[in-house]
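Same order as they appear, the protein sequences are chains A and B. Everything in the first sequence is counted per our numbering, starting at 876 for the first residue and increasing by one. Everything in the second sequence is counted per our numbering, starting at 876 for the first residue and increasing by one. Written out below as structure tokens is the structure these notes cover.
There are 2 protein chains.
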Amino acid sequence: MDNLFKPQHLRDFMTEIFLSFDLPHEDSLLATDVLAYSDEHGIDSHGVARLKTYYDLLKAGKINPKPKMRVVREKTSVSTVDGDNGLGLVIGPKCMEMAMDKAGKHGSGWVAVRNTNHYGAAGYYPIMALPKNMIGLSMTNSSKGVAPFNGKEKMLGTNPIAMAFPTEKEPPVVVDFASSTVAYGKVEIAKRKGEKVPLGWCIDKEGRATTVPDAMMEGGALLPLGGTKEGSGHKGFCLATMVDVLTAVLSGANWGPFATPFAIHVAPPERKVGKGIGHFFGAWDIDGFIEVDEFKRNMDDWIKTMRATPPLPGAEKVMIPGDPERLAYAKRIKNGIPLNGEVIKSLEIISRETGIPLPEHTLSSGDG
Amino acid sequence: MDNLFKPQHLRDFMTEIFLSFDLPHEDSLLATDVLAYSDEHGIDSHGVARLKTYYDLLKAGKINPKPKMRVVREKTSVSTVDGDNGLGLVIGPKCMEMAMDKAGKHGSGWVAVRNTNHYGAAGYYPIMALPKNMIGLSMTNSSKGVAPFNGKEKMLGTNPIAMAFPTEKEPPVVVDFASSTVAYGKVEIAKRKGEKVPLGWCIDKEGRATTVPDAMMEGGALLPLGGTKEGSGHKGFCLATMVDVLTAVLSGANWGPFATPFAIHVAPPERKVGKGIGHFFGAWDIDGFIEVDEFKRNMDDWIKTMRATPPLPGAEKVMIPGDPERLAYAKRIKNGIPLNGEVIKSLEIISRETGIPLPEHTLSSGDG
């Protein structure tokens, strides 16, 4: 059974941990805000569940707690930033701000980032653009876990793409998805429950389609969105390609199978082809294209039109991208954030080592 | 059995047809070049096979043969263009040029287009950016054919996205794919052959998964990329959403189910929410991010690395986005372009009505 934590208590704990590594106060709050966004919005795989990995990497001196970001190249609406091996959770929001500054001045702004690390949930960043009446975009590459279409070895990360669109009265449209059929975490969850996974999610080490989580985890690979030939798996490979090139080849980061692993005990990739991993941030100023009010009114209309689609027999109603996260948020802010025993165990280790007490928590009576 | 046409003969025929509607000479050549790109690269659904529809729409006065494009809004690196109801095949390349001009000056350039029509294959446009050492992007919305995830009615077009990345010695990487699992044309082909289609491609008019082409064509719908819940069909819906908003809501075109149909005998949508359909073009100047030579060298390395992935058992080798079209091009430029009886019949009608002779052709001995 899960345990429930108060959102602010979890935030305070995370901030204390970051401060213990001498991160500047502002940076500790920023990194906390990015991780808390995931926990508070039901994206369990990208929040405090990963604190232990950030902690291990900081402790081992593999991530720089006080990075000096610098612009290495620039041209009006675009630039490349070197993240000085800082936390993606800190470098990310700062680079998204830079992209928005450029968009405010020049109609659009684009920042490619190299020498950075895992940046949490991709959706956090485009949402930053909404109060400025901009459309935001973020992408990141990540360590290999996905096979290219027709290939049998891991060559690409789950390379997510996220965009957010402002609205008038309706909630904003927030798109955030990995370019693989599912994230690694979904296969992990099936394994924990002793369940099989659908065909099309992954292959084993021989490249055979498999429904057995262990078969994927022991030398197999996830499949790109679409999965098989019949499902148009080449399209997921196209998406992963776009993300890998824009985030890593364009910025000078490690691309494809050479992306830096987000783990402490994994051997480094056989080649180094750039610096750290890569992100790509962008913003379009709506005012440069159309009256902002007209755009927002039409977005509301668009949302209502899509919601009115009759649902498939037996299916839930048609939801808008961003709805599931908003529903989770409403519930979790009220009831607390459910963490499972494994995650709590990882936080207990951190607590023991740092002397920072674990926040109080209560047994959950449901799914939180 | 297919008939083979010489590429230049088909081009000349198309140009003559466009000229017969008093399109300016330059515009006729441009529209021809866009359609010929598809035929010459094996994208049979988007080339001369659609000439009859453009012809019908021009003949009925539904498309403006002499549009006066105008910039309706602008801000340094972005702008919105009204296509004056011209052919997308003419408005498209001109707007892509505008995006590249902006990218040359400001590092990136973005043009949203409204009041335009079907623009052929999405991949044509980003390829224009390659000789300028830019990364190109194009998207378009299109008339409804695809259900939103969990919905049972057509609400979105197949809304494709295309990008192209320059290289040094390797061929360029060209991504071009619809956000539905498959294009309508793939189901049509199965129907013609009397074959079933895989589950996950489409639903019937009751929203039930179907493998019968007719069941989709008679009131059913295509499914977004990913198809089912297990296949992560919500991700295809996210993609279609991104394309619909950037092309149509942002430009002031008809979005979602209200996109103008690309056909002469289809009733207009029940509501008009903008002008025509919408495109979105973009370009990033690589030189604004990184040394162009370094980028291209790394792209070559990226391509070789991906190609070296061991293939799935029994699968073809791993191909790079753009490979299938290049293979088709090499074959077709040499052997000719294969057209089936149905397409030839449509060209014969045009020929008869205009008095422009159909180009000579020979029976194909294979697949062309």
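Using N, Cα and C, we set each Cβ at its ideal position, and we do this for glycine too. Small disclaimer: the values here were computed from a predicted structure and weren't measured.
- Straight-line measurement puts the Cα of Phe880 of chain A at about 11 Å from the Cα of Glu915 of chain A.
- For Asn1008 of chain B, no chain A residue has a Cβ inside 9 Å of its Cβ, as the nearest lies near 12 Å away.
- Under the Cβ distance rule, Lys1110 of chain A counts among the residues neighbouring chain B, one pair being separated by less than 8 Å.
- Listed in chain order, the positions of the stretch 986 to 1000 of chain B with a beta carbon within less than 8 Å of a beta carbon of chain A are Ala987.
- Per DSSP, the beta-bridge partners of Asn878 of chain B are B:Leu1214, B:Leu1238.
- Below the 8 Å Cβ cutoff, chain B contributes Thr1180 as neighbours of Pro1132 of chain A, in chain order.
- If you ignore the 5 residues before and after Met1009 of chain A, its C-beta comes within less than 7 Å of the C-beta of Met975, Ala978, Ala1158, Trp1159, Asp1160, Ile1161, all in its own chain and listed in chain order.
- Runs of the beta strand (DSSP E) lying entirely within the stretch 1085 to 1161 of chain A and spanning at least 3 residues, in chain order: 1152 to 1160.
- Looking only at B:Ala1190, B:Ala1134, B:Tyr999, B:Ser952, the smallest Cα-Cα distance to Glu1145 of chain B is reached by B:Ala1134.
- Per DSSP, reduced to three states, the secondary structure at Trp1177 of chain B is helical.
- Here DSSP, grouped into helix, strand and coil, assigns Ala1205 of chain A to helix.
- If you look at Leu1012 of chain A, you'll find it in the beta strand (DSSP E) that goes 1009 to 1015.
- Under a criterion of Cβ atoms nearer than 8 Å, the residues of chain B adjacent to Glu1191 of chain A are, in order, Asn1025.
- DSSP places Asp931 of chain B in the uninterrupted alpha helix (DSSP H) bounded by 926 to 934.
- In the DSSP assignment, Ile966 of chain A falls within the alpha helix (DSSP H) that extends over 963 to 981.
- In the same chain as Thr1085 of chain A, and ignoring 5 residues on each side of it, the C-beta atoms closer than 7 Å to its own belong to Cys1077, Ile1078, Asp1079, Met1091, Gly1095, in chain order.
- Closer than 8 Å to the CB of Thr907 of chain A there is not a single CB belonging to chain B.
- Secondary structure of Gly995 of chain B (DSSP, three-state): coil.
- In the DSSP assignment, Lys950 of chain A falls within the beta strand (DSSP E) that extends over 945 to 950.
- Under a 10 Å Cβ-count criterion, His1140 of chain A is classified as exposed, with fewer than 16 other Cβ atoms of the shown protein chains found around its own Cβ.
- Rounded to whole angstroms, Met1030 of chain B and Leu885 of chain A show a C-alpha spacing of 41 Å.
- At a cut-off of 8 Å, the C-beta of Pro1035 of chain A has no neighbouring C-beta in chain B.
- Shown in chain order are the members of the stretch 965 to 981 of chain B whose Cβ falls below 8 Å from a Cβ of chain A: Lys980, His981.
- When B:Ala1205, B:Leu905, B:Arg1172, B:Asn960 are compared, the shortest CA-CA separation from Lys1044 of chain B is found for B:Arg1172.
- Under DSSP, Ala1039 of chain B forms a beta bridge with B:Gly1011, B:Val1049.
- By alpha-carbon distance to Arg1067 of chain A, the top candidate from A:Pro1073, A:Leu1074, A:Pro1088, A:Gly1075 is A:Pro1088.
- In the structure shown, Leu1031 of chain B adopts extended strand secondary structure according to DSSP, grouped into three states.
- For a cut-off of 8 Å, the C-beta gap from Phe1156 of chain B to Met971 of chain B is around 5 Å, short enough to register as a contact.
- For Thr955 of chain B, the enclosing beta strand (DSSP E) begins and ends at 953 to 957.
- In the structure shown, Ile1078 of chain B falls within a strand segment according to DSSP collapsed to helix, strand and coil.
- In the structure shown, Ala1065 of chain B falls within a helical segment according to DSSP collapsed to helix, strand and coil.
- For the pair Ala1039 of chain B and Ala1004 of chain B, the CB atoms are nearer than the 8 Å cut-off.
- By alpha-carbon distance to Gly1032 of chain A, the top candidate from A:Val1048, A:Ser1054, A:Ser1013, A:Pro1041 is A:Ser1054.
- For a Cβ distance threshold of 9 Å, nothing in chain B lies close to Thr1135 of chain A: the least Cβ distance comes to about 16 Å.
- Around the beta-carbon of Val946 of chain B, fewer than 16 other beta-carbon atoms lie within 10 Å, marking it exposed.
- Between Thr1180 of chain A and Pro1046 of chain B, the alpha-carbon positions lie close to 43 Å from each other.
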